[in-house]
Structure formats: C-alpha cells, structure tokens
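Residue numbers (the numbering used here), protein chains in the order written: chain A, 9 to 422; chain B, 9 to 422.
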C-alpha cells in the first residue's frame, strides 16, 4: 500500500476529485460495491493468477475453510453482480463510474501496490449498445487525464475484430491466442525477437511480413483507412470488414470533436485480456513511453454471462490512479502548485485572551470559502508563525490591538 | 454492506464531500491508511469484542494460521501507527482527517453494516495539547453535520474527570467502571432501572441521590457552572475541580462563537470507551432522540502508548456516515433536491447523423460546468427523451435543423 504524507495525500485526493468531476460531467453515475464479496462470485470467471492473488477474508473464530468471502480485485466483477441484481431499477444504457480501492496480493515491486485505486467508467447496454459509447468512454478518460497529466498524452485504439479477421484470412485462426500474445508483448522487445517468436509458432515468411506491416499501421483515420482497406480487399472475410467499419465509426466521432492526433488508430494494440471482443484502448505519454499504458479498456460482448441469460454488452476504460500517481510523482509530472494542499490562512492569537476573536476571524474567512486553521498551541508567537508558515499560504497575527479594533494584517508567506 | 442505487449513491457521495469540505475548511489535513494492516498492530489495545469482530485476511494458498493481517476496524489504531511512523515529517499539533470504510463482522441488524464509512477528525499534540482543540473538533463536526441534517442538532459535552472526581469524593473510586457503565446506559432505560442498578452495586441512598442530581445537570455554562461549583465545594478533590475548569474553558470558547443552546454541557454523557480521559462529546437530533448519538468523540491522554514513549495527547470526533445516512433516509431528513444526483442536461440526437453536433453541444455545456449526457441508444426520439427525463433535469433535441443552424431549444423536465 502506498501511504502518503498529508501534502502528497492532498494532491492524490485532488486528482481523484478531478477524475470524478470529469466522469460526472460526462453523465456517468457513481456506484459503490462492497469491498468484501462472496469468493464464488469474485472468482466466477477468473483465471489462475487472479485466484492466487486474491485475499480471502475470515473472522477470528473461523478457519480457512470458512473463507467463502474475499476482497474484490477489480471493479468489473462486482459491477456484473450489481447490474444483474439491480437490473430493474437501472436505466440502460447504464453509464456508471466506480472509483475505489481494489486488492491483489502481488509480489511487492516498485509502483505496484497490493491496495490500489482504480477509476473506472463503463457503459452497459441491454441487448445492444451503439458504438458511439466506445468514443464516449475514450473522450471522457482523455479529458480526465488531461486535467492533471502535464505532458502530451496519446490514446491508441484498435479493434480486436481486425486482427482476429486478418488471422482467419491468413489461415492462422488456430494460432490466434499465440499471435495476440506476441503482438501484446511486441513493444517491450526488439523487433527481431517478435519476428523470431512468429517463426517459432510456425508462421511462414509471407504471414510474418503481413503481420509486421499490419502492426506498423497507425495514425489518423485518413492515414490508416486506405492501408486497412487494401488488406481487407486482399484478405477478405466479414469479421475483418466489421472491425474496420467499427474503428471508422468510433474514431470518426472522436476526430469530429477535434481530437485528431491525440487519439489515433494503432494496430499494435491488442490488450492481453481475452474478454475484450471489439474496441481496445491504451494510453501513453509519448515523452515517456517506458511507463507503458496509463489508462486502458475496451468493449466486451457480455458483462454478466455467468449470472443471466440477458445479453449485457459493455465498453469501459480505467485509470489506475495509484500506479499513475506513483509514476507521475517519480517523474515530477504533476503540477503540485495547482493540486497541492496548503491552507489559505492560519490565524495566530498572541495569547489565550485573543483565542475567541482569532476563532471568529477564521470563521469569517471560512464563510468566504477559504481553508483556515487557528493555531492554539505554541509557546510564543514565533512558534505559532513557524507552524503557520508550514501549513498555510498566509498568516494572520491577532494581538490585543487587533482584538480591540477588529482590524488585522494578512502576511503572505511567499 | 449498504449497496445503493445511483440516485441514493449520489446523495451519499455528496454528503461525504460536504463533510470533507468543512473538515478541510477548518484546517484538517487528509490522510489514508491501508485497509489491511498487521493483526498484531490492529489488536494491540483491543478488547474481546473487537477481536471477535475483526476480519482476518489470508491469501489463497495460506492457512488461517498465516492470518497475520486483518482489515482495520476503526481509524484510530492505524492513525496511531501512522503518527509514530511519520512523526518526523508531520507538524504538531497534527490536525488530521480520515474518511473511509472500516470493517466489523457484527451480527447483521437494521442500520448496522459490516462495511461502514467513518468521517473522523483528530488533533494530535506532542507532549501537550491546548484545550481549545477540544472546542475546535466540536465546532467543526457541528458545522459539518449542519450542512445536511435538516432538523436541529444538539451537541452534549462533559468531561470524564468531573464524574471520576465525584466518584472519588463519594468514596466510590473502586466502583468507577460499574457507575460509568450504568450512566452510559441510563438514557435507554426508565429512571427506576438506573436507581436499582446503583443499589445493586451497593451504593447507599445518599450516593444514589447525589448521582441522580448530578446526571440531571445540563445546559449552558451559566446554567451548569453554579450547580457544578456547589458539588465541587462540597465534595472537593483536584480531579473534579480540574474537570470543571476544563469544561468551562472549552464550552466558553464554543459559546463565544454563538453556539449557545446548540452545544451544551450535559453530565449524563460519559461515553463507554475507556480510552477517553477528559472531554467527551455526543450529538443528538432532539426531535428524534431514539436515534441515539450521531457523532461522538472525546479527548485521550495518549494516542500511541503501545508504540512510543513520546506522549501524544489527542482529541477527536467521528461521524459514522453509513449508519447516519441509513437513518436520515428512513426518517426522510435529507434534502434530496439539494444533494440529489440528476444531471443538468441530456442531449438527444434524432438520428445518427446528428451525433457529432449533439456531442459538440454537450462538450460546450460541460465547459460551462454542467453535467451532461448524450443519449446514443434508443430506437426513436421518444425512447431517447424518456431516458433523458430519467437521468437529467432538462433535455435538448438535436435534429437536422438544429445541426444545420447550430440553434437548439432546452426542454425542462420539471
């Protein structure tokens, strides 16, 4: 767990508020699910790694065998349960945001924490969900990140149907998982390694060349569409055509909002998780590519197949704020002046006799929207001003004279 | 766990924000501690009930014997660890707020939840802490509650040194725990039960009469001081005199801020917890006394005697928002209009051709500070307006004409 001192905590909290405000401004409604849920529900669709990392919860007088409860490890699983449980009371499309802590017992390493904040938005449809919502979540997350990430950011989007369709066309449908895995890993290794990996899977030179050219396609719609259409016309197949058409609709709407060059198509993006079935999104800071994706997501065909026969397609995106905050801090990429937590004033009564008037002054300043402390401790006014300068932007000394006249001077600390 | 639908969740979240804003306005700094901490730390000073209610945390491949971690059950224990761990980086007096979930495996009952939000403020001194901070936390909590509790509220304060000193004077020092317990329980039972309970503990008629008269003392300083001073002069003892003098200083400062009648002295208040050593506070809604205390706290001599030899006196107060929200809701005592979560606008494009302009309109309204959704789903404009009316205060229809001219009409839904 990342435990912060008050000055950093204030910044962290302000970023959480910024993100929530942008999410709310875009019409996403907050919900909160329990941190503790039934293990059976949490692990319904989870694989081996998740099962190993999950924290089980027991009471003192129980044994491990009673551990039918666990801590949630993401927001998606509890969301599925929530939507099914409250389906009749929700409006669809359900635009929902969840901001809170999740838990994974990962091996401790730099920038990875066992308790971490995730800031998710999802849109859940009933039966069908228009593609415009894919654009909606991307634009919303972009705007949220822009409020506090100082350098340029770049959202890269693709559609798993395009690569999936291409693999079918190349006769590689039975090697989909392996190829998705290789491409997902490709940016972390030299290009030779990737080409070797293809060859090890038994791909021939022509297939490898096609994949190499395909994954290099990126840019605005104008730039990528002609290239994708050539592949579509050469390779054929419905899935590939559908993927391209979806990408065109989504990126088209995003570009129409003036985000050309900030949100681009990029065929290198596949996202490892196999529950994505259409759009996939990643976000990078181009000046610091080594950081990796700071905000990811995608479209899934069915949120809650485990619980209900009702088709609930969705699209979502998530900012992992604990890790992002850690990294931005390390790189000095947060505007601490803007998001810092210094109080506006600290009022300093010289003796105890001035405490009532000092408190009254503080209340007046608070009524005007200021954050104000009164320092009641300290041996003398020097002590008090030292404290004041450490917590506030300005100090106000209240002595006998100030209390009598009601007039006082504001001393700016910088 | 209390799981809310989005409209109630919006209100709940707004109340959390209101409370945090008032706390921050009064100079309290936010910190967050891990939800999972070492069991040894969490249970260092805890008694039997807490130990039974605590949730232990284990990983999948561990057994219950490995459960050396647990979920925090309050904010005070992690705060003690935090202050000792970061002592050199903190300013004292450390004015701190913690808002978040705690966990207790209580028997499920109405209004009691196993995951619950507590909104705490504490002031921690190093060596000494002036009494004015007792007034500070009371006034801050009062102001926070007043932002959203519609009926009148009443803060009742006392000082455990007064009753403690009185018991010494009456020769009942060895029965302190029992008498504190009886008085703590007194308002939940008829007066006869209380008098019987005293008698069962072996108190004589004169002692019982003195305690009965004592616990009936309540009101403003002007009202209570003469009565307390008569007792002091009759019974004597340093502790009693000190308690009265502390009460006078604290309530004096509060009354000087115009809170006469809203914050009163009340000798019935003792607070069950034995770690309070001076002031004790409870808050009630006089129109609904049956609710009990909605916000309580007090002064403790030493926050962290378990970890450090350094004396760290503190004073704190806590709003248990999950339970309070549940009750206020049941009684209909929250201004839902003021704190509700309806969006400002929902923009409705008639056909997909109007989606880009509808999105542009939404972005403009967001830039002016509004919360705005665009409805992309729905078979026809009737469907879309129905959705709009369920999520927003006003709707905006965008058809061919609006997209061409850039002009549109705002339709208020009520």
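Glycine included, C-beta positions come from ideal geometry on N, C-alpha and C.
All values derive from a computational prediction rather than experimental measurement.
Taking one beta carbon from each stretch, the segment 27 to 40 of chain A and the segment 355 to 373 of chain A have fewer than 3 pairs nearer than 8 Å; the two do not touch. Within the segment 178 to 222 of chain A, the alpha helix (DSSP H) runs of at least 4 residues that lie entirely inside it are, in chain order, 184 to 193 and 199 to 208.
By the CB criterion at 8 Å, residue 349 of chain A and residue 18 of chain A fall inside the cutoff.
Per DSSP, the beta-bridge partners of residue 357 of chain A are A:406. When DSSP states are grouped into helix, strand and coil, residue 105 of chain A belongs to the strand group. Between residue 263 of chain B and residue 229 of chain B, the C-beta spacing is below 8 Å.
Non-local C-beta neighbours of residue 246 of chain B in its own chain, meaning closer than 8 Å and more than five positions away in sequence, comprise 173, ordered along the chain.
Beta-carbon to beta-carbon, residue 155 of chain A and residue 265 of chain B are separated by about 37 Å, too far to satisfy the 8 Å threshold. Interface criterion not met: the Cβ of residue 342 of chain B is under 8 Å from no Cβ in chain A. Here DSSP, grouped into helix, strand and coil, assigns residue 224 of chain A to coil.
Counting only unbroken stretches of 3 or more residues, the beta strand (DSSP E) elements lying wholly within the segment 97 to 165 of chain A are 102 to 111 and 123 to 132, in sequence order. Taking the beta carbon of residue 68 of chain B as reference, the chain A residues within 7 Å of it are 59, 60, 62 and 64, listed in sequence order. Cβ neighbours of residue 416 of chain B within its own chain (closer than 8 Å, five residues either side excluded): 369, 404, 405, 406 and 410. Between residue 254 of chain A and residue 286 of chain A, the beta carbon gap of about 6 Å places them in contact (Cβ cut-off 8 Å). Residue contact check for residue 99 of chain B against chain A: a CB pair falls below 8 Å. Between the alpha carbons of residue 178 of chain A and residue 213 of chain A lies a distance of about 12 Å. For residue 83 of chain B, the closest Cβ of chain A is not nearer than 8 Å. About 7 Å separates the Cβ atoms of residue 259 of chain B and residue 165 of chain B, confirming a contact at the 8 Å cut-off.
Contact annotation: residue 168 of chain A and residue 284 of chain A have beta-carbon atoms nearer than 8 Å.
Straight-line spacing of the CA atoms in residue 323 of chain A and residue 51 of chain B works out to 43 Å.
Here DSSP, grouped into helix, strand and coil, assigns residue 388 of chain A to coil.
Around the beta-carbon of residue 242 of chain A, fewer than 16 other beta-carbon atoms lie within 10 Å, marking it exposed. Against chain B, the CB of residue 21 of chain A has a partner CB under 8 Å away; the residue lies at that interface.
Under the three-pair Cβ rule at 8 Å, the segment 140 to 156 of chain A counts as touching the segment 320 to 335 of chain A. Here residue 97 of chain B has no same chain residue with a Cβ atom under 6 Å from its own Cβ, once five neighbours each way along the sequence are excluded. Proximity to residue 340 of chain B across B:159, B:224 and B:374 peaks at B:159, based on C-alpha coordinates. In the three-state DSSP reduction, residue 18 of chain B falls in the helix class (H, G or I).
Counting along the chain, the unbroken alpha helix (DSSP H) around residue 253 of chain A starts and ends at 246 to 264. Contact annotation for residue 408 of chain A against chain B: no contact, minimum CB-CB distance about 17 Å [criterion: below 8 Å]. Residue 207 of chain B is classed as exposed because its beta carbon has fewer than 16 other beta carbons within 10 Å across all chains shown.
For residue 371 of chain A, the uninterrupted alpha helix (DSSP H) segment begins and ends at 363 to 375.
Against chain B, the CB of residue 155 of chain A has no partner CB under 8 Å away; the residue lies outside that interface.
Bounds of the alpha helix (DSSP H) holding residue 334 of chain A are 329 to 339. In this structure, residue 81 of chain B lies away from residue 133 of chain B, with their beta-carbon atoms at least 8 Å apart.
Residue state for residue 284 of chain B is assigned as coil, using DSSP reduced to three classes. In the three-state DSSP reduction, residue 38 of chain A falls in the strand class (E or B).
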